[in-house]
Amino acid sequence: MPWDLLHEAARRRAQVALVLDRVDPGAEAVGADLHRLASENGLGHAPIFLVPEAQLVDGLLPETAVGEISRWLTALGGDAGARSAVIDATRDGVVDDLVRRATDLAGAVDAQHEADGHLRAAVDAAYEDARRTILAATSDGTMLRGEVLSRWQDFVGTGEFFRAVEQKVGSVRDAVSGFFRGKGRKVPEVEEAITHGLESVVLDAAEEAAERSYRAWRADPSGAALLDGLDLSRASGTLRTRVAEEIRGWQADVLALVSEQAAAKRGTARALSFGLNGLGVSLMVLVFASTGGITGAELGIAGGTAVLAQKLLEAVFGDDAVRRLTRTAQDRLSARVGAVLDGEARRFTSQLDALGTGDATGAPLRAAAEEVRRAARREQKARAADVTGAQDPGSVVGQAGALRGAHARDPQTPDAPADEAPGTERPGFWRRLFGARPADATEEPSTDEPGDGR
Numbered sequence: 066m067p068w069d070l071l072h073e074a075a076r077r078r079a080q081v082a083l084v085l086d087r088v089d090p091g092a093e094a095v096g097a098d099l100h101r102l103a104s105e106n107g108l109g110h111a112p113i114f115l116v117p118e119a120q121l122v123d124g125l126l127p128e129t130a131v132g133e134i135s136r137w138l139t140a141l142g143g144d145a146g147a148r149s150a151v152i153d154a155t156r157d158g159v160v161d162d163l164v165r166r167a168t169d170l171a172g173a174v175d176a177q178h179e180a181d182g183h184l185r186a187a188v189d190a191a192y193e194d195a196r197r198t199i200l201a202a203t204s205d206g207t208m209l210r211g212e213v214l215s216r217w218q219d220f221v222g223t224g225e226f227f228r229a230v231e232q233k234v235g236s237v238r239d240a241v242s243g244f245f246r247g248k249g250r251k252v253p254e255v256e257e258a259i260t261h262g263l264e265s266v267v268l269d270a271a272e273e274a275a276e277r278s279y280r281a282w283r284a285d286p287s288g289a290a291l292l293d294g295l296d297l298s299r300a301s302g303t304l305r306t307r308v309a310e311e312i313r314g315w316q317a318d319v320l321a322l323v324s325e326q327a328a329a330k331r332g333t334a335r336a337l338s339f340g341l342n343g344l345g346v347s348l349m350v351l352v353f354a355s356t357g358g359i360t361g362a363e364l365g366i367a368g369g370t371a372v373l374a375q376k377l378l379e380a381v382f383g384d385d386a387v388r389r390l391t392r393t394a395q396d397r398l399s400a401r402v403g404a405v406l407d408g409e410a411r412r413f414t415s416q417l418d419a420l421g422t423g424d425a426t427g428a429p430l431r432a433a434a435e436e437v438r439r440a441a442r443r444e445q446k447a448r449a450a451d452v453t454g455a456q457d458p459g460s461v462v463g464q465a466g467a468l469r470g471a472h473a474r475d476p477q478t479p480d481a482p483a484d485e486a487p488g489t490e491r492p493g494f495w496r497r498l499f500g501a502r503p504a505d506a507t508e509e510p511s512t513d514e515p516g517d518g519r
């Protein structure tokens, strides 16, 4: 039996009849089993017809073999009320099934929306942690070690400028001019060391974020399905290039900030005309020490390295200006690093964006389904008020318009016992199955179904 199709019919309350043909004499008990199976599968209301094995007459089954089916179809076709009832029931079933499916679909949309949120949250958390890691490394003195520290010490010497400023030798102009005269050639070395150090910090953090996001998605069935064919377990192949570009852009930002501040101090503009790059490097070093200036803890970490940068900048621009420049430079760096990390995160989130599950919820569909359900119930109530009695499809209409075999007598039982009286009434398969016999059964004993009583 095509149970999948019948299950679908039951869900939609489609009006169906089951016909089991070529039933051998004595095998009518299969009909009872079929009725049991139909009931278990939601089709207990469906009429069941058994067509016995029979010789064809002019290529057709004998009328007696199809009599039950013909009578049922004839009665159904000849009664407008019965036809309307079948149509209404089928339509009601289709509408109810549509509402059920729409509600299920709304639930699936909500589940997708929730899964979208979980996957995005995993990516956001990974890359936000990467952003915090980079911010910490570029503001707590971590960067003032290794190559950066070495190049900076080469640049400032062994305390000559620090002593000059502390002893207030000459004017600020003399101190700055004397310090930077002949040292400009070493500025690119410090900038290059800063570039390398920043690259390392950003690349490591981005790699860790990509790996975390990938693991989180792989552990989630919804995310795992999106990873097929994508190489997202590592940072993108273009990340190093983008990071280098953003670092150079930030260094240009810092130089522009220093230039703008120097231009605002007209008394020192000429003296600083050949030392702006050095001031820019000093501001970068100060950014790496602290966003708000040097503290005791950071002095311990940086070994006093950033003190020189802070003293230099304060001597030229003043305390307030240095604090403002430091905050602005740190914000510019954070923005550029954030842009890089956002681009890396989009490798994941773009997969979700393509699905459109981030904004879609099941609420509109659920509301529409509920409106359809209410409208259907209102229509059913109105219809019930107008219903008049309809003829039972199991009755037989007149000769006119009847289908072939509708008025034929049921066949004699082929294997009835020889000593059974011709007029003996026997239970019959249809009586067992439906609890009733055709109206003419008391007048025509031969209408018993084949194999009844076995």
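Add 65 to a position in the sequence shown, counting from 1, and you land on the number used in our numbering.
Yeah, the Cβ is synthetic: ideal placement off N, Cα and C, and Gly gets one too.
One or two residues paired with residue i in a DSSP bridge
i	result
L125	V122
Residue i versus the options, residue with shortest Cα-Cα distance
i	options	result
P253	D318, E444, F220	F220
R216	A300, E256, R431	E256
I312	V323, T260, A111	T260
R277	A394, R388, V188, G288	V188
A317	I134, L295, A290, L348	L348
E212	Q120, A258, A167, Q177	A258
I134	V81, D385, A202	V81
S301	A145, E409, D144, V122	E409
A432	W137, G146, S104, V164	V164
R185	S415, V437, E444, E436	S415
A79	L102, S298, T155, D175	T155
A428	A284, D175, A92	D175
R397	E105, Y279, T203	T203
G314	V402, N106, V131	V402
A290	L420, Q395, E105	L420
N106	D89, P90, R77	R77
G288	Q326, E179, A92	E179
Proximity below 8 Å, CB of residue i to CB of residue j
i	j	result
L126	V116	yes
D181	A274	no
A441	V160	yes
A119	L83	no
V381	V267	no
A271	L304	yes
L445	D162	Residue 445 is actually Gln in this sequence, not Leu. Cβ distance not < 8 Å, so Q445 and D162 don't count as in contact.
L108	A147	no
D153	R448	yes
L344	V323	yes
T422	Q177	yes
L209	A328	no
L141	I113	no
A434	A173	no
L292	R283	yes
E264	V319	no
R171	L430	Note on residue identity: the sequence assigns Ala, not Arg, to residue 171. Cβ distance < 8 Å, so A171 and L430 count as in contact.
R40	L297	The chain is shown from 66 up to 519; residue 40 falls before or after that span and cannot be answered.
L378	V387	yes
R469	E128	yes
S399	L200	yes
Collapsed DSSP secondary structure at residue i in the structure displayed
i	result
D162	helix
V84	strand
L295	coil
P286	helix
L115	strand
D69	helix
R397	helix
G343	helix
T303	coil
M349	helix
D153	helix
V308	helix
R442	helix
D194	helix
T391	helix
E436	helix
V213	helix
D205	coil
Residue burial classification, residue i (beta-carbon count within 10 angstroms, cutoff 16)
i	result
T139	buried
P286	exposed
P67	exposed
D69	exposed
E73	exposed
G340	buried
R196	buried
V95	exposed
T391	buried
V122	exposed
L295	exposed
E93	buried
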